[in-house]
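Asker:
Protein chains: 2
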Amino acid sequence: MVCLLKIRGMLEQMSIIERKLADFILDNAHLLRDYSSQQLADAVGTSQSSVVKFCQKLGYKGYPDLKLAVNEAVITASTLQRSDSHEQGQQQSDIKTLVEQLQFSLHSHLRGILEINDEKALRDASDCLLQTDKVLIAGFGQSGIVAHDMQFRLLQLGKLALLHTDPAIALQLASTLDQHSVLLLISESGQNADLLKLARFARQRQIRIISLTSFKTNALSLAADIALYALSGDENVRLNALLVQLAQQHLCHILYLLLCQRQNNDHLLEESSKLLDLLEQQ
Amino acid sequence: MVCLLKIRGMLEQMSIIERKLADFILDNAHLLRDYSSQQLADAVGTSQSSVVKFCQKLGYKGYPDLKLAVNEAVITASTLQRSDSHEQGQQQSDIKTLVEQLQFSLHSHLRGILEINDEKALRDASDCLLQTDKVLIAGFGQSGIVAHDMQFRLLQLGKLALLHTDPAIALQLASTLDQHSVLLLISESGQNADLLKLARFARQRQIRIISLTSFKTNALSLAADIALYALSGDENVRLNALLVQLAQQHLCHILYLLLCQRQNNDHLLEESSKLLDLLEQQ
DNA sequence: GCAGTATTGAATAATTTATTCCGCCTTGGC
DNA sequence: GCCAAGGCGGAATAAATTATTCAATACTGC
Chain F
187 MVCLLKIRGM
197 LEQMSIIERK
207 LADFILDNAH
217 LLRDYSSQQL
227 ADAVGTSQSS
237 VVKFCQKLGY
247 KGYPDLKLAV
257 NEAVITASTL
267 QRSDSHEQGQ
277 QQSDIKTLVE
287 QLQFSLHSHL
297 RGILEINDEK
307 ALRDASDCLL
317 QTDKVLIAGF
327 GQSGIVAHDM
337 QFRLLQLGKL
347 ALLHTDPAIA
357 LQLASTLDQH
367 SVLLLISESG
377 QNADLLKLAR
387 FARQRQIRII
397 SLTSFKTNAL
407 SLAADIALYA
417 LSGDENVRLN
427 ALLVQLAQQH
437 LCHILYLLLC
447 QRQNNDHLLE
457 ESSKLLDLLE
467 QQ
Chain S
187 MVCLLKIRGM
197 LEQMSIIERK
207 LADFILDNAH
217 LLRDYSSQQL
227 ADAVGTSQSS
237 VVKFCQKLGY
247 KGYPDLKLAV
257 NEAVITASTL
267 QRSDSHEQGQ
277 QQSDIKTLVE
287 QLQFSLHSHL
297 RGILEINDEK
307 ALRDASDCLL
317 QTDKVLIAGF
327 GQSGIVAHDM
337 QFRLLQLGKL
347 ALLHTDPAIA
357 LQLASTLDQH
367 SVLLLISESG
377 QNADLLKLAR
387 FARQRQIRII
397 SLTSFKTNAL
407 SLAADIALYA
417 LSGDENVRLN
427 ALLVQLAQQH
437 LCHILYLLLC
447 QRQNNDHLLE
457 ESSKLLDLLE
467 QQ
């Protein structure tokens, strides 16, 4: 399941041959079962060695490894589909269908997060945030929503989390950071000019940078000390945007919960619940 | 699935070595993924050639064929099991455990949405938003994140979606609404004083109100024309907050996708993708 | 006890997969 | 425009995995 999403998400940054391979696999995932690397190469019109290199580039040990992963994806998809439609062989209302589709896509996207993100990266990121008191978060547009979310979480943990929607002010805020601070940059594409400015600025000052982008090589993740990724790659543009955002949020939430676990925060919890009570009083 | 049953069914008529192989496979089906025929032979204490012969005797072309079949069985079983009950008491890294727990909770929370929300309410809400051009969204604190999210979505659909984090300004914005406008109020508790003010104001002006709150009777949902609910109720306070927020967002996203479907929006899609390109240019 | 048959594993062949190496092309600097 | 650096793809080759052969042994029915 995840495997195919991963491939789809990396389509953009593939060479021609790699892309042909990817397309073939996506279109004929179910056929792969009976293909050797040589056969696949022939089917696509390339060399066997290229097939193997393709597999390795995607992070698999070799061809059999990819094959197994694709097979798993095929099986999982068909099993889930079966158990879903099994519930109601009848036609469902459009809303139900839509909701189930959304939940299914979401489920697969989120499941992929642990596969494309090294556990070490997650641990490093949470270490990083645990040790610092001051975090500047930056993200614009859709990623701005994620940024707000994360700001809220970090504030709850007692961290000074800075964020501003104005890029100029964000840069001003950056000038208040020191080496013990952390810069968290959130961007779908990883190419946003304002964020790159912030990254350059932080690099000069030796401020640690965590990036959170789509899963593909991009300027931002290259500039970051710790790069986190969200899966992307659904065909439906609008749905894809939703899913990427939710995957980003999900990663933030994972970091948040990790921090909760590691930070003895009983007093903080009381504090913030008191605060909430205050806020919500009628 | 069939594969393991087949093996089990033939247990009786097997020779000693074959039986050892069969037992091992049945007990360690999940391990087979990473075993070569030689490794399996070693693990069982036999020769590699016997392994191959065993496979062929069972009707498979050879070892890889059996391996694939066993793998399928394992996947199918685990997929079905996971969707049924979520118990896997294996030793995992803390991160993996945390993530799986989170995803499981999320999954169940989201699945509940269709149960606590009338389909009619969802349809009404989307009708309501479809027909209007001007929406004032209000939500503070954590719900503010959801509000921002929804604002972004509605703007993408070409709706004038207003939102301000300052309650006073929000009220000012409300004074620009007319009977064709919609007020969308988002609150966890449904008791926030500022939102209630907005609701009273809108009632007087006969502006339609959609509320999005936790699933319990509350002042806000009573004041609303259409009340939508997010499940709440996890024991862990912090996790619960996350889940409620995500459920709220999920509801918003459902509305958004419904609107996408119903609104012929090809030109809008182009527009907004052009916009995004502009924004993300380096 | 003996012929016939089945089972096993060592050796080997065949196949599949992984790596190396080389030529080609692109890219970026001068 | 030229050259160096680096990535890409494929042919050749190495390594590994898998399949077959064959001989030894054990077992079965007579």
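From first to last, the protein sequence lines are chains F and S.
In terms of our numbering, the first sequence opens at residue 187 and continues consecutively.
In terms of our numbering, the second sequence opens at residue 187 and continues consecutively.
C-beta: ideal position from N, C-alpha, C; glycine also.
Closer than 7 angstroms, Cβ to Cβ, to anything on chain F: give me those residues from the region 217-248 of chain S, in chain order.
Answerer: Within the region 217-248 of chain S, the residues whose Cβ lies closer than 7 angstroms to some Cβ of chain F are R219, listed in chain order.
Asker: Where does F:S271 fall in DSSP's three states?
Answerer: Confidence is the limiting factor: at F:S271 the pLDDT is only 49, short of 50, which leaves the residue's position unreliable and the question unanswerable from this model.
Asker: CA-CA distance, S:G376 and F:T283?
Answerer: Near 29 angstroms, if we compare the C-alpha coordinates of F:T283 and S:G376.
Asker: Are any of the Cβ atoms in chain S nearer than 8 angstroms to that of F:L308?
Answerer: Output row for F:L308: interface = yes.
Asker: Could you tell me if F:D335 is buried or exposed, where buried requires 16 or more neighbouring beta carbons within 10 angstroms of its beta carbon?
Answerer: So F:D335 counts as buried.
Asker: Starting from F:K192, find everything on chain S with Cβ-Cβ shorter than 9 angstroms and list it in chain order.
Answerer: In chain order: nothing, as chain S lies at least about 17 angstroms away.
Asker: Between which two residues does the alpha helix (DSSP H) containing S:T283 stretch?
Answerer: Counting along the chain, the alpha helix (DSSP H) containing S:T283 begins and ends at 280-302.
Asker: Give the secondary structure of F:K383 by DSSP, where H, G and I count as helix, E and B as strand, and everything else as coil.
Answerer: Correct three-state label for F:K383: helix.
Asker: Could you check the C-alpha separation between F:L292 and F:K192 for me, to the nearest Å?
Answerer: Rounded to whole angstroms, F:L292 to F:K192 spans 14 angstroms at the Cα level.
Asker: Going by CA-CA distance only, name the one from S:A324, S:I372, S:Q317 that's closest to S:L357.
Answerer: Per the Cα distances, S:A324.
Asker: Using 10 angstroms around the beta-carbon of S:R394, count the other beta-carbons present and answer buried if the total reaches 16, otherwise exposed.
Answerer: By the neighbour-count rule (16 or more Cβ atoms within 10 Å), S:R394 is buried.
Asker: Which term fits F:S294, buried or exposed, when burial requires 16 or more other beta carbons within 10 angstroms of its beta carbon?
Answerer: It counts as buried.
Asker: Under DSSP, the alpha helix (DSSP H) around F:A227 begins and ends at which residues?
Answerer: Unbroken alpha helix (DSSP H) run through F:A227: 223-230.
Asker: Would you check if the distance between the CB atom of F:E396 and the CB atom of F:C446 is smaller than 8 angstroms?
Answerer: For the record, residue 396 of chain F in the displayed sequence is Ile; it is not Glu. No, they are not a contact pair.
Asker: Along the chain, where does the beta strand (DSSP E) containing S:L343 start, and where does it finish?
Answerer: Careful: S:L343 lies outside any beta strand (DSSP E) and carries neither H nor E.
Asker: Per DSSP, what kind of secondary structure is F:T399 in: helix, strand or coil?
Answerer: If DSSP states are grouped into helix, strand and coil, F:T399 belongs with the strands.
Asker: Specify, as a first and last residue, the run of the beta strand (DSSP E) that S:A413 falls within.
Answerer: Its beta strand (DSSP E) spans residues 412-416.
Asker: Output, in chain order, the set of chain F residues within a Cβ distance shorter than 7 angstroms of S:E301.
Answerer: None at all; the shortest Cβ gap to chain F is about 11 angstroms.
Asker: Pick helix, strand or coil for F:R391, following the three-state DSSP scheme.
Answerer: Residue state, collapsed to three classes: coil.
Asker: Closest to S:I372 by C-alpha separation, out of S:V321, S:G419, S:H366, S:D364, would be which residue?
Answerer: Measuring from the Cα of S:I372, the nearest candidate turns out to be S:V321.
Asker: Pick from S:A427, S:A433, S:D209, S:Q225: whose alpha carbon is nearest that of S:L414?
Answerer: Answer by Cα proximity: S:A433.
Asker: Return yes when the C-beta of S:S236 is under 7 angstroms from any heavy atom of the ligand ATP, and no when it is not.
Answerer: The ligand ATP is absent from the structure shown, which contains no ligands of any kind.
Asker: Spatial neighbours of F:K460 within its chain, please: C-beta separation below 6 angstroms, excluding the five flanking residues on both sides.
Answerer: Excluding residues within five positions, none has a Cβ falling inside 6 angstroms.
Asker: Could you give the C-beta distance for S:A409 and S:F387, rounded to a whole number, given that I count them as a contact under 8 angstroms?
Answerer: At roughly 11 angstroms, the Cβ-Cβ gap does not stay under 8 angstroms, so S:A409 and S:F387 are not in contact.
Asker: Could you work out which residues of chain S lie near F:C446, taking near to mean beta carbons separated by less than 7 angstroms?
Answerer: Here the neighbours are R424.
Asker: Do the region 216-223 of chain F and the region 195-203 of chain F make contact, defined as three or more Cβ pairs closer than 8 angstroms?
Answerer: Contact between the region 216-223 of chain F and the region 195-203 of chain F is absent, because fewer than three Cβ pairs lie under 8 angstroms.
Asker: Can you name, in chain order, every residue of its own chain whose Cβ lies under 6 angstroms from the Cβ of S:G298, other than the five neighbours on each side?
Answerer: Answer for S:G298: L417, listed in chain order.
Asker: Under the assumption that S:A333 contacts S:L349 (Cβ atoms under 8 angstroms), give the Cβ distance between them as a whole number of angstroms.
Answerer: About 6 angstroms; that satisfies the 8 angstroms criterion.
Asker: Under a CB-based cut-off of 8 angstroms, is S:Q289 close to chain F?
Answerer: Yes - at least one Cβ of chain F is within 8 angstroms of the one on S:Q289.
Asker: With 16 as the cutoff for other CB atoms within 10 Å, does S:T318 come out buried or exposed?
Answerer: By the neighbour-count rule (16 or more Cβ atoms within 10 Å), S:T318 is buried.
Asker: Identify whether S:A354 lies in helix, strand or coil by the three-state DSSP scheme.
Answerer: Of the three classes helix, strand and coil, the one that applies to S:A354 here is helix, per DSSP.
Asker: Out of F:P250, F:Q337, F:A208, F:Q328, which has the shortest C-alpha to C-alpha gap to F:T144?
Answerer: Past the boundaries of the shown model lies residue 144 of chain F; chain F is included only from 187 to 468, so the question cannot be answered.
Asker: Kindly indicate which three-state DSSP category F:L369 falls into: helix, strand or coil?
Answerer: F:L369 falls in the strand class under three-state DSSP.
Asker: Give the residues of chain S in contact with F:N257, contact being defined as C-beta atoms less than 9 angstroms apart.
Answerer: By Cβ distance, chain S contributes L254, N257, E258, I261.
Asker: Would you say S:V285 and F:I440 are within 8 angstroms of each other, going by their C-beta atoms?
Answerer: Contact flag set, yes.
Asker: Please classify F:R391: is it buried, with 16 or more other beta-carbons within 10 angstroms of its beta-carbon, or exposed?
Answerer: It counts as exposed.
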